[in-house]
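Novice: Please find one structure pasted underneath; my questions will follow.
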Amino acid sequence: MRTPLTFAAVVAVGLCLAPLSNCLAADTPDASQIIQSLTPQPGGGPGGGPRGGMVTRGIRMGNQPPAVAKPGSPAGTGGMAKPAEANLNVPFVSGSAAISPAAERVLDQLGEALASPKLADYKFRVEGHTDTVGAPEMNKALSEQRAASVTDYLATKFNIDRSRLTPVGMGEEGLLIATGPGVANSVNRRVLVVNLGH
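In structure tokens:
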């Protein structure tokens with residue numbers, strides 16, 4: 010059985026066709042992959058990027074579909090590049106903002122990336138997302154707690170200046186897998202890290 014591991018980007022796409030056991034180990038991106046995803050790439054002359062600006066990268070893990078740009082957002086305007094981002098599958102138990110050992114494995118790679126010299130001058134939005142189990146207002150509060158938990162973990166363990174991290178709770182907004190209400194889907198319990206620039 011083969012499981013695809015997709016790193017989708019404006020610039021690069023990779024595909025893992027290794028046996029399942031190898032892909033499961035690779036489901037957590039390493040720090041270098043996250044650095045690559047979160048680093049805006051300079052556009053160069055023709056075809057180098059929108060309006061000669063920046064070509065940006067993103068990372069998606071497992072079978073996650075690409076995020077859909079909201080109308081009016083930079084990614085949806087047609088004239089601006091999508092911001093550099095890493096969409097990480099951080100395993101949260103349904104209804105919880107506690108950092109599990111499985112979540113630590115993902116966040117340790119993120120922490121190494123954000124502490125690296127290549128990303129040290131950038132600021133980031135840390136978005137917490139939920140699935141649709143529970144009331145929307147409860148999920149909004151839960152996603153805020155998840156974003157705060159991730160920010161606290163990164164600041165405490167990796168000594169990342171909190172002024173570089175802006176936690177935001179998205180609740181059910183921006184589901185990766187569209188579901189009806191009350192559907193527990195671990196793919197939607199995720200963290201999206203977006204490079205906000207200097």
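Under my numbering, the sequence shown has 86 at position 77, and the numbering climbs by one with no breaks.
The beta carbon of each residue, even a glycine, is placed where N, CA and C say it ideally should be.
None of these values were measured; they are calculated from a predicted model.
1. Measure how close the beta-carbons of V159 and G178 come, nearest whole angstrom, since I'm counting them as under 8 Å.
2. Near V77, which residues of its chain fall below 6 Å by C-beta distance, leaving aside the five closest residues on each side in sequence?
3. Using a 10 Å radius around the Cβ and a threshold of 16 neighbouring Cβ atoms, would you call P176 buried or exposed?
4. Any contact between the segment 150-169 and the segment 188-196? By contact I mean 3 or more CB pairs, one from each, below 8 Å.
5. Looking only at its own chain, which residues have a Cβ that is under 8 Å from the Cβ of A111, when we skip the five neighbours before and after it?
6. Does the distance from the CB of E181 to the CB of N148 come in under 8 Å?
7. Would you kindly check if the distance between the Cβ of V142 and the Cβ of A156 is under 8 Å?
8. Hey, how far is the Cα of K91 from the Cα of A107?
9. Which value, in whole angstroms, describes the spacing of the CA atoms of Q45 and A122?
10. Going straight from the alpha carbon of V115 to that of L201, what length do you get?
11. Got a sec? Which residues, its chain only, sit under 7 Å from S152 by beta carbon, not counting five neighbours each side?
12. Using the Cβ count rule (16 or more neighbours within 10 Å means buried), how would you classify G120?
13. Assuming the contact rule is C-beta atoms closer than 8 Å, A93 and P51 should be a hit. Round their C-beta distance to whole Å, please.
14. Can you check which of these residues, A144, T37, N96, V196, is closest to M102 by C-alpha distance?
15. Keeping to the same chain, check which residues put their C-beta closer than 6 Å to that of L163; ignore five residues upstream and five downstream.
16. Anyone know if the C-beta pair for L205 and L128 falls short of 8 Å?
17. What beta strand (DSSP E) runs, 3 residues minimum, are completely inside the segment 136-196?
18. Please tell me whether, using a cut-off of 7 Å, the distance from the CB of P100 to the nearest non-hydrogen atom of the ligand PLP is below it.
19. Across which residues does DSSP place F101 in a beta bridge pair?
Specialist: The relevant details are as follows:
1. With a Cβ gap of about 11 Å, V159 and G178 do not count as contacting.
2. Low local confidence applies: a pLDDT of 41 at V77 is under 50, so the model's placement there is unreliable, with the coordinate-based value given in what follows. Around V77: no qualifying Cβ.
3. buried
4. no
5. P100
6. yes
7. no
8. 30 Å
9. 9 Å
10. 12 Å
11. G137, H138, T139, G178, M179, G180
12. buried
13. Actually they are not in contact, since the Cβ atoms of A93 and P51 sit about 12 Å apart, beyond 8 Å.
14. The sequence shown places Val at residue 102, rather than the Met named in the question. For V102, the nearest C-alpha among the options comes from V196.
15. G120, I169
16. no
17. 174-180
18. Ligands displayed in this structure: none; no statement on the ligand PLP is therefore possible.
19. Answer is none; F101 lacks a bridge partner.
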